[in-house]
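Engineer:
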Amino acid sequence: MWCLLGECNNVLLLAPRRVGKSSLMKAMREQARVKGYHAAFLDVGSVASEGEFVRKLLQSIEDPNALQRIIKSPLFPSIKKLTVAGNSIEFGSFDGEDWRTIGERAAQILAAGETPWLFLVDEFPIFVNQLRKPEAGRARDFLEWFRTLRHAAPKVRWLLSGSIGLDKVARDGRMSDTINDLLPVNDFGPYSLPIAQAFIDQLGIHYGEMLADEVREHLIEKVGWLIPYHIRLLFDRHRSYCTVHELPATIATLDIAYEKLINDRAPHLNWWDERLSELYGEQADRHARTMLRTAARSGDEGATFQTLRRATWKDHAVGADAAEHDRLVDDLLDALVSDGYLRREPGPRSIRYFFLSSLVRDYWLRFKAR
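In our numbering, each number is its position in the sequence shown, counted from 1, plus 482.
#1: What first and last residue would you give for the alpha helix (DSSP H) that runs through proline 676?
#2: According to DSSP, tryptophan 754 sits in a beta bridge with which residue or residues?
#3: Among the candidates Thr597, Phe837, Glu586 and Leu810, whose CA atom is the shortest distance from the CA of arginine 825?
#4: Just how far apart, CA to CA, sit phenylalanine 670 and alanine 497?
#5: Would you please state the rounded distance, in angstroms, between the beta carbons of alanine 731 and histidine 720? I believe it to be under 8 Å.
#6: Identify the continuous alpha helix (DSSP H) that holds aspartate 718 and give its terminal residues.
#7: Do phenylalanine 717 and isoleucine 677 count as a contact pair if the criterion is CB distance below 8 Å?
#8: Tell whether a beta-carbon distance below 8 Å holds between leucine 751 and tyrosine 845.
#9: Can you give me the C-alpha to C-alpha distance between leucine 847 and arginine 620, rounded to a whole angstrom?
#10: Beta-carbon separation of proline 666 and aspartate 654 under 8 Å?
#11: What residue does the alpha helix (DSSP H) around leucine 847 start on, and which one ends it?
#12: Taking the Cβ atom as the reference point for each residue, do alanine 593 and leucine 631 lie within a distance shorter than 8 Å?
#13: Decide yes or no for the touch test of the segment 735-748 against the segment 699-706: beta carbon pairs closer than 8 Å, at least 3 of them.
#14: Within the same chain, show all residues whose beta-carbon is closer than 6 Å to that of phenylalanine 609, passing over the 5 residues directly before and after it, in chain order.
#15: In the DSSP assignment, find the alpha helix (DSSP H) that holds arginine 632 and state where it starts and stops.
#16: Just to confirm, are aspartate 663 and arginine 714 a CB contact at a threshold of 8 Å?
#17: Look up tyrosine 823 in the DSSP assignment and say whether it is helix, strand or coil.
#18: To the nearest angstrom, report how far apart isoleucine 646 and alanine 817 are at their CA atoms.
#19: Considering only C-alpha positions, which residue in the set Arg537, Ile591, Gln513 and Phe624 is nearest to arginine 551?
#20: Cα-Cα, which of Ser832, Ala793 and Gly488 is closest to tryptophan 640?
#21: Tell me, please, which residues DSSP counts as bridged to aspartate 525.
#22: Considering Cα atoms alone, identify which of Gly781, Arg614, Trp599 and Pro607 is closest to proline 636.
#23: What is the DSSP secondary structure of valine 651, reduced to helix, strand or coil?
#24: Excluding the five sequence neighbours on either side, which residues of its own chain have a C-beta within less than 6 Å of the C-beta of glutamate 729, listed in chain order?
#25: Opposite proline 828 in the DSSP bridges: which residues?
#26: Since lysine 850 and leucine 774 should fall inside the 8 Å C-beta cutoff, what is the C-beta to C-beta distance between them, to a whole number of angstroms?
#27: Is valine 638 near asparagine 611, with beta carbons less than 8 Å apart?
#28: Does the beta-carbon distance from valine 536 to glycine 595 come in below 8 Å?
#29: Got a sec? Which residues, its chain only, sit under 7 Å from threonine 776 by beta carbon, not counting five neighbours each side?
#30: What's the C-alpha gap between leucine 486 and phenylalanine 523?
#31: Do tryptophan 484 and glutamate 532 have their beta-carbon atoms positioned less than 8 Å apart in this structure?
#32: Might you give, ordered along the chain, the residues of its own chain that have their beta carbon closer than 8 Å to the beta carbon of serine 759, omitting 5 neighbours on each side?
#33: Just the Cα atoms here: how many angstroms apart are glutamate 544 and aspartate 746?
#34: According to DSSP, simplified to helix, strand and coil, what is alanine 567?
#35: Output yes or no for whether 8 Å exceeds the beta carbon distance between serine 643 and phenylalanine 606.
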């Protein structure tokens, strides 16, 4: 990632949920000084306006010299308070178009320094999606401004990511031209088998509870999609079960812990369900749930496009346009793949769709595929 940024790229990190994007970005913030950057991390998932975005951007800056240069600029009348000891800054509201001017001036000030800046912006697509809700053109206006800002201040680099793909948000809003200067990185995925094994072993060393090889391999088989979040989730639930019941870790205790994790409807799994309504809107949400229910029931055989098309067609109104429905199914499948619900695999006759995570699939079968 540092090599890509060093080649003057701004990066769009594309990866499914829960694979560790946020952890990577926070680690990069800690490494930045050694790599020759000033860095700031901000999560904009709860930001609802352009002015809030610029305010949060400025408040993420912890370098005291940069803060001093910013507050001395006459274009920052909205500053309410500066706490020098904590290197923090508090702004008032940015009314009207102030956010444009303030954002541009801040980027110019930072770009004028000797050391380049890197802003690591998490949940950026959710913020852009929020801007689309009040009025269609608002998100485009912001993204066009943000693109111009990137070009005007090349010493300020950006790494943008989030739990939904910015490429899909831009495509849905016909705004892809506003992000075509970003370098997409989409090979950030689950652990390989050796790394997953080493990760579980390290957890065992940390807690003083090493798993036998056969138990470790069974855990890997149960998780399926080897992202650290799901590995840790099952490892912790199993460790807790064995501790409470004073039992040694075995394949049998792991199976019990796995069933309890699903049956307890832990928030970590409910999140996959609750997120759909937020992401896709009413009609698309209904179709997405039908697709996931169908894919879950298809088991190891997977579901073809035609199977998913037929299942969702039942939800359509009488007289609906078939071609439009097929486009919707195509778009939703792209979204469900990029958001970490499904995976595509070529079959002998057609592409098939499977749940990416065994854990999420079993949860869906238990509670959502009845």
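Idealized CB from N, CA, C, for every residue including glycine.
These numbers come from a predicted model, not from an experiment.
Structural biologist: Working from what's here:
#1: 675-689
#2: In DSSP, tryptophan 754 forms no bridge with anything.
#3: Phe837
#4: 6 Å
#5: 7 Å
#6: 710-727
#7: no
#8: yes
#9: 39 Å
#10: no
#11: 840-849
#12: no
#13: yes
#14: Val526 and Val529
#15: 618-634
#16: no
#17: coil
#18: 8 Å
#19: Ile591
#20: Gly488
#21: Asp604
#22: Trp599
#23: helix
#24: Before going on, a small fix: residue 729 reads as leucine here, not glutamate. If we look at leucine 729 and ignore the five residues flanking it on each side, its Cβ neighbours are Thr735.
#25: Ile833
#26: 7 Å
#27: no
#28: no
#29: Ala785, Thr789, Leu790 and Ala793
#30: 18 Å
#31: no
#32: Asp767
#33: 41 Å
#34: Only weak support is given to the placement of alanine 567: the predicted model assigns it a pLDDT of 44, under 50, and the value that follows is read from those uncertain coordinates. Alanine 567 falls in the coil class under three-state DSSP.
#35: yes
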